[in-house]
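Input: a single structure, listed below in structure tokens.
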Amino acid sequence: MSHQRRSSMASKWRVRAPVFAALGDETRLSLVAKLCGGRPHSISQLAEGSKLTRQAITKHLRVLESVGIVHSVRAGRESRFEFDPEPMEGIKEYLDFVSEKWDQALSRLVSFVEI
Amino acid sequence: MDNRIEKRIELKAPLSRVWRALTDHREFGEWFRVKLDGPFVPGQISRGQITYPGYEHVKWEAVVQKMEPERLFSFTWPHYSGDSKTDYSKEPSTLVEFRLEKTSSGTLLLLTESGFDKIPGVRRLEVFRSNDGGWTEQMKNIENHVAPTS
């Protein structure tokens, strides 16, 4: 099985690794938690109830934006940020892929031992 | 959905036969489609070359963990690999376990691959995944995850 995983899938996986890295931070994860309600938020809204400065929030948002989890949209003069779940669908897809490869390998094992 | 893969199959072959197919490196290579350099030894790295058509350039590398005769065979292997320049020792790896049980008609094989949560960020995504919940449910999950009720 894993031969395919280690080639075609490996490249996809590499593309996704930064997504996981971007989420590997409590602050960014908390920003995602606020944004994943679907409504775009301004930096001020995101800063509400948080100890973080607007500058710090902006920095974290840029990291999320760089991997496509967050997009900024203009609302009048203000930038608002919205959540995009697409990059995160990848993990499930990956597990499904590995799972399917195991099914194939195990079916070869069955034919191999059941002679 | 969990951060692991589980498979359960019944084989119409005796325990000893299945054990050999799993742990004899030549036999393993036959069905898995890899040419291994040498026998599996617990604690040691197993190296080889994939023989699956179209993927012959791909290296196989795993660290054998446990070999409990006719019960458990396990190894860890890296997950980003694929090119020869990869330093495998620095790659996040998952654990593959084959567990065997004797049944009336042959052998039960339980396969698990776990440790996907060791891959950076993946454990964070766990809360996003659910079989039936959709995003609303998952949003609640992540909220609970990052802000436990005090």
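Protein chains in written order, with my numbering: chain V, 8 to 122; chain G, 16 to 165.
Note that CB positions come from ideal geometry on N, CA and C, so glycine has one too.
Using a Cβ-Cβ distance under 9 Å, would residue i count as near chain V?
| i | result |
| --- | --- |
| Ile209 of chain G | Look at the range of chain G in this structure, 16 to 165, and you will see that residue 209 of chain G is not part of it. |
| Ile24 of chain G | yes |
| Glu128 of chain G | yes |
| Phe88 of chain G | no |
| Arg32 of chain G | yes |
| Lys27 of chain G | yes |
| Phe55 of chain G | no |
Using three-state DSSP, classify residue i as helix, strand or coil.
| i | result |
| --- | --- |
| Val78 of chain G | strand |
| Phe59 of chain V | According to the sequence as given, residue 59 of chain V is Leu; it is not Phe. DSSP places Leu59 of chain V in coil when its eight states are reduced to three. |
| Pro94 of chain V | helix |
| Lys11 of chain G | Residue 11 of chain G cannot be examined here, being either before or after the span of chain G that is shown, 16 to 165. |
| Gln64 of chain G | strand |
| Thr38 of chain G | helix |
| Tyr120 of chain G | Checking the displayed sequence, the identity of residue 120 of chain G turns out to be Ser instead of Tyr. Note: Ser120 of chain G maps to coil in three-state DSSP. |
| Pro93 of chain G | strand |
| Glu128 of chain G | strand |
| Ser99 of chain G | Reliability of the predicted coordinates at Ser99 of chain G is poor, the pLDDT of 47 falling under 50, and no value is obtained from them. |
| Val33 of chain G | helix |
| Phe55 of chain G | coil |
| Glu45 of chain G | helix |
Distance cutoff 9 Å, beta carbons only. Does residue i sit that close to anything in chain G?
| i | result |
| --- | --- |
| Phe119 of chain V | yes |
| Asp91 of chain V | no |
| Leu68 of chain V | no |
| Leu71 of chain V | no |
| Val77 of chain V | no |
| Val80 of chain V | no |
| Arg84 of chain V | no |
| Leu59 of chain V | no |
If we define contact as Cβ-Cβ less than 9 Å, is residue i a contact residue for chain B?
| i | result |
| --- | --- |
| Leu115 of chain G | The chain labelled as chain B is not found among the protein chains of the depicted structure, namely V and G. |
Between residue i and residue j, what straight-line distance do the alpha-carbon atoms span, to the nearest angstrom?
| i | j | result |
| --- | --- | --- |
| Leu37 of chain G | Lys74 of chain G | 19 Å |
| Ile24 of chain G | Pro54 of chain G | 25 Å |
| Gly69 of chain G | Thr60 of chain V | 53 Å |
| Ile64 of chain V | Ile20 of chain G | 37 Å |
| Lys117 of chain G | Pro29 of chain G | 8 Å |
| Ser120 of chain G | Trp46 of chain G | 22 Å |
| Thr122 of chain G | Ala77 of chain G | 25 Å |
| Phe88 of chain G | Leu36 of chain V | 37 Å |
| Arg139 of chain G | Leu30 of chain V | Confidence at Arg139 of chain G is low in this model, with a pLDDT of 40, below 50, so the placement of that residue is unreliable and no value is reported for it. |
| Thr66 of chain G | Lys50 of chain G | 6 Å |
| Asp52 of chain G | Thr109 of chain G | 21 Å |
Hey, which unbroken runs of the alpha helix (DSSP H) at 4 residues or more fall wholly within the stretch 68-121 of chain V?
93-120
Please determine if the stretch 110-118 of chain V and the stretch 55-68 of chain G are in contact, where contact requires at least 3 C-beta pairs separated by less than 8 Å.
no
Determine, using beta-carbon pairs with one atom in the stretch 62-73 of chain V and one in the stretch 98-108 of chain V, whether at least three such pairs fall under 8 Å.
no
Would you check if there are 3 or more beta carbon pairs closer than 8 Å linking the stretch 76-87 of chain G to the stretch 77-89 of chain V?
no
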